[in-house]
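Report on the following structure.
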Amino acid sequence: MSVGIVWDERYAWHDAGRASNSPWAEPYPAFDRPESKRRLFALVEASGLMDHLVRIPARAASEAELGYFHTPDYIERIRALSEAGGGDAGEAAVFGPNGFDIARLAVGGCLEATSAVLSGRLDKAYALVRPCGHHAEPGRGRGFCLFGNTVIAIHHAQAVHGVKRIAVIDWDVHHGNGTQDAFYDSPDVLTISVHQDRYYPVDSGGSEEKGEGSGHGFNINVPLPPGSGHGAYVAAFERIVIPAIDQFAPELIIIACGFDAGMSDPLGRMLCYSETYREMTRQITALASKHCDGRVLICHEGGYSPTYVPFCGLAVLEELVAHRTAVDDPLAAWYARVGGQALQHHQETLIDAIAKGVQRSR
Ligand SMILES: [Zn+2]
């Protein structure tokens, strides 16, 4: 099993601005800070897992590649703002000096990971990039996201590598609205998002959003109530996500991987912990072995706990390479036992209703 990882120190230099600009609050940095990702990469190195990984160098995506998804006006606006020292790409997507180049490097990191997997050089790859991308729209950035990393990676897979059927599972705690919109009318890209109900964006991500035209039935949303934990996520996977991808029989599976459904996250209100991410990764890699020669691409999205994201990320990477390091998640034994971690009745009722709706729309 050969698995690659993308990380570039410059990802840590993206400046997402302040948490708020209230005149009544001492300035404080935005939640999207470098530490969670940099410390994840540091743990990969310290644990020895890097000996089982291949480093994939990032590159800047070209404007033509950004243009797969974004309008020329938007690309030009971000470039001009970046040269002027930074600004807001749209809605809560602030960036600083060189933000354009760093965001292009995030897209390009995902593209290099895609090419490494689809050329057969590697079986799987984890693009640990920043800024994240799943909220970005063609003409504006949103929610810490400047460019649609995953969307552009999918276009790249299809246009350059000739892969047609791609399944995307987005388990970031926020709805993957940008990815959903990009392929809403496509039967070739199955987009699935498991997220906290109406959290961000508050007006998208409902289970009734199923795709349109020939894409109807190829978008699945699983909006879980706040407080959902390991039991709810595993049930959502076993009853909705896995059967849907299995039926779709993709040529490539992409995980839009945020860790903000983790217990310690300052934004998400969920209870997931490292074993939740390990189990979801295990189920996805098993499906990939069945349908697409084991090919899995992971694009890093959100996750804002600098102390806990590293352990969740290590669990995912250990599962990808099928090797356990000596590292124990110091919080797992506690988090596994907190109240509400098991599947709750109201969560099960909701998950089963969504599963029925998904079956009906096929
Ligand atoms: Zn998120």
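Taken in order, the sequence shown gives residues 830 to 1191; the numbers are from the working numbering. Quick reminder that beta carbons are idealized off the backbone N, C-alpha and C, glycines included. Since the structure is predicted, the reported quantities are computational estimates derived from the model, not experimental observations.
Secondary-structure assignment with DSSP links THR1020 through a beta bridge to VAL997, ASN1048. Within the same chain, Cβ atoms closer than 7 Å to the Cβ of GLU1177 are found at ALA1064, the five residues on either side in sequence being excluded. Looking from the CA of ARG868, the closest CA among THR1136, TRP1163, VAL1156, GLY1169 belongs to THR1136. Of PRO856, TRP842, ARG884, the smallest CA-CA separation from GLU864 is found for TRP842.
Contact annotation: the segment 928 to 946 does not touch the segment 1094 to 1109, with fewer than three C-beta pairs closer than 8 Å.
When the five nearest sequence neighbours on each side are left out, the beta carbons in the same chain lying within less than 8 Å of the beta carbon of HIS1059 are those of LEU1100, CYS1101, TYR1102, GLU1104, THR1105, GLU1108, ALA1165, GLN1170, ALA1171, in order along the chain. Contact between the segment 1110 to 1127 and the segment 941 to 958 is present, with at least three C-beta pairs closer than 8 Å.
Bounds of the alpha helix (DSSP H) holding TYR1106 are 1103 to 1120.
The residue among PRO1052, GLU1147, ARG839, ASN978 with its C-alpha nearest the C-alpha of HIS1003 is PRO1052.
With fewer than 16 other Cβ atoms inside 10 Å of its own Cβ, GLU838 counts as exposed. The C-beta distance from ALA922 to CYS974 rounds to 6 Å, short enough to meet the 8 Å contact threshold. Between the alpha carbons of ALA848 and ARG1191 lies a distance of about 43 Å. The Cβ-Cβ distance between PRO1054 and ASP1026 falls below 8 Å.
A contact is defined here as three or more CB-CB pairs under 8 Å, and the segment 1141 to 1156 fails this definition with respect to the segment 989 to 1004. The three-state reading of DSSP puts GLU920 in strand, counting E and B together. For VAL1125, the uninterrupted beta strand (DSSP E) run begins and ends at 1125 to 1129, by DSSP. Counting only runs of at least 3 residues, the segment 893 to 950 fully encloses no beta strand (DSSP E) element at all. In this chain, the alpha helix (DSSP H) harbouring LEU1146 covers 1138 to 1150. Not a single heavy atom of ligand 1 lies less than 7 Å from the C-beta of GLY1007. Excluding five sequence positions before and after ILE995, the CB atoms of its chain that fall closer than 8 Å to its own CB belong to ILE983, ALA986, GLN987, ASP1017, VAL1018, LEU1019, PRO1079, GLU1080, LEU1081, ILE1082, ILE1083, given in chain order. Annotated as proximal: PRO960 and ALA932, with beta-carbon spacing under 8 Å. ALA854 carries a coil assignment under DSSP once its states are collapsed to helix, strand and coil.
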